[in-house]
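Scroll down for the structure; my scribbles are underneath it.
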């Protein structure tokens with residue numbers, strides 16, 4: 001199966017439209033139709049119904065395989081490109097904003113001290129962008145995080161075929177404005193905050209969707225912040241625009257620990273399989289930081 005045809009098929013199935021897939025991929029609609037016809041001829045089965053455009057049973061089964069197949073092809077391309085690079089020259093780290101905290105910064109400094117020729121870079125993105133960057137080889141190591149029950153892994157279906165490793169876990173805390181009646185408590189339950197309004201800041205604080213998954217109906221949003229700077233979250237909370245939940249290390253000593261529901265800030269490293277000295281050193285430094 002030609003990977004170009006698989007990419008076209010995946011786009012059409014995801015978008016439900018030949019024309020929309022053509023616009024996204026930069027092809028003509030005729031070329032997209034030819035790609036699908038060629039793939040169906042190769043496999044000897046209809047993959048997409050035409051009215052409406054939707055996967056057939058065989059097409060749905062193929063979709064289960066296309067993600068891992070294309071991820072492995074991207075990983076192979078990235079590994080070949082890595083061999084051609086000067087050893088120790090690049091260390092591209094992709095991260096969600098909350099995943100790249102003080103521990104990750106210290107770990108990267110340790111690697112730079114051991115590999116002075118390294119050229120590290122850090123790119124902040126959302127979880128899908130980080131994982132996609134790792135799969136495509138644009139990122140050497142990804143760091144993603146989320147609020148989950150202790151020891152639970154993150155839900156990252158797009159990471160199939162990649163290596164995942166937990167590298168950090170810490171408690172969560174609730175940011176409250178000065179003078180809030182619950183300020184100073186030794187612990188807070190989200191049910192204690194049923195009437196409170198919250199900041200909708202999915203890139204810079206624990207996403208409200210993750211809190212609502214643990215407590216359905218909780219955390220109504222008062223203000224949306226689309227940036228990734230936790231300092232802005234602190235300022236917005238301080239000005240009483242809404243509450244927010246952050247990892248303890250980012251929340252500061254004045255924040256109240258979140259004691260219920262029982263959630264932690266869990267950080268995972270995502271990388272392609274294979275021996276890579278720079279990544280191995282960074283992972284080891286991250287593990288040491290998590291053990292402190």
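Numbering (the UniProt record's numbering), first residue to last: 1 to 292. Backbone N, C-alpha and C fix where the C-beta goes; we use that ideal spot for every residue, glycine too.
CB-CB length for residue i against residue j, believed under 8 Å
| i | j | result |
| --- | --- | --- |
| residue 111 | residue 268 | Between residue 268 and residue 111 the Cβ distance is about 19 Å, and since that is not below 8 Å, they are no contact. |
| residue 171 | residue 264 | 6 Å |
| residue 242 | residue 199 | 4 Å |
| residue 118 | residue 141 | 12 Å between Cβ atoms; not a contact. |
| residue 6 | residue 56 | 16 Å between Cβ atoms; not a contact. |
| residue 188 | residue 270 | Rounded, the Cβ-Cβ distance is 31 Å, inconsistent with contact. |
| residue 174 | residue 245 | 6 Å |
| residue 77 | residue 26 | No, residue 77 and residue 26 are not in contact; Cβ-Cβ is about 19 Å, not under 8 Å. |
| residue 101 | residue 249 | 6 Å |
| residue 181 | residue 237 | With 8 Å as the limit, residue 181 and residue 237 do not qualify as a contact, their Cβ atoms being about 15 Å apart. |
| residue 39 | residue 9 | 6 Å |
| residue 71 | residue 135 | 4 Å |
| residue 252 | residue 107 | With 8 Å as the limit, residue 252 and residue 107 do not qualify as a contact, their Cβ atoms being about 22 Å apart. |
| residue 115 | residue 281 | 7 Å |
C-alpha gap between residue i and residue j, whole angstroms
| i | j | result |
| --- | --- | --- |
| residue 68 | residue 160 | 6 Å |
| residue 124 | residue 224 | 19 Å |
| residue 50 | residue 13 | 11 Å |
| residue 167 | residue 239 | 34 Å |
| residue 133 | residue 247 | 25 Å |
| residue 11 | residue 210 | 28 Å |
| residue 185 | residue 262 | 17 Å |
| residue 2 | residue 44 | 14 Å |
| residue 24 | residue 15 | 9 Å |
| residue 147 | residue 266 | 6 Å |
| residue 37 | residue 121 | 42 Å |
| residue 48 | residue 54 | 5 Å |
| residue 272 | residue 254 | 39 Å |
| residue 22 | residue 42 | 21 Å |
| residue 35 | residue 157 | 26 Å |
| residue 64 | residue 149 | 28 Å |
| residue 164 | residue 212 | 26 Å |
| residue 292 | residue 215 | 31 Å |
| residue 274 | residue 73 | 14 Å |
| residue 229 | residue 127 | 16 Å |
| residue 202 | residue 277 | 33 Å |
| residue 193 | residue 235 | 20 Å |
C-beta neighbour in chain C for residue i, strict 7 Å
| i | result |
| --- | --- |
| residue 34 | The displayed structure is made up of one protein chain only, and chain C is not part of it. |
Residues sharing a beta bridge with residue i, DSSP
| i | result |
| --- | --- |
| residue 143 | 95 and 269 |
| residue 165 | 269 |
| residue 80 | Its beta-bridge partners do not exist; DSSP assigns none. |
| residue 90 | 119 |
Query - Contained alpha helix (DSSP H) runs [length at least 4] in the region 198–273, N- to C-terminal order - result: 208–214, 230–238 and 248–251
Query raised in the report: Do the region 205–216 and the region 256–267 touch if we need at least three Cβ pairs shorter than 8 Å?
Result: yes
Report task. Mind the definition here: the region 267–287 touches the region 94–114 only if three or more C-beta pairs lie below 8 Å; say whether that holds. Result -> yes
Report task. At 4 residues or longer, and completely inside the UniProt domain "HTH lysR-type" (1–56): list those alpha helix (DSSP H) runs for me, N to C. Result -> 3–15, 18–25 and 29–43
Requested in this report: Please specify which runs of the beta strand (DSSP E), each continuous and at least 3 residues long, are wholly inside the region 168–202, giving them in chain order.
Outcome: 198–200
Query raised in the report: Do three or more CB pairs link the region 184–200 to the region 208–220 at distances below 8 Å?
Result: yes
Query raised in the report: In chain order, which beta strand (DSSP E) runs of at least 3 residues are fully inside the region 108–134?
Result: As far as the region 108–134 is concerned, its whole beta strand (DSSP E) runs of at least 3 residues are 119–124.
Query raised in the report: If you pair each beta-carbon of the region 24–32 with each one of the region 87–107, do three or more pairs fall below 8 Å?
Result: no
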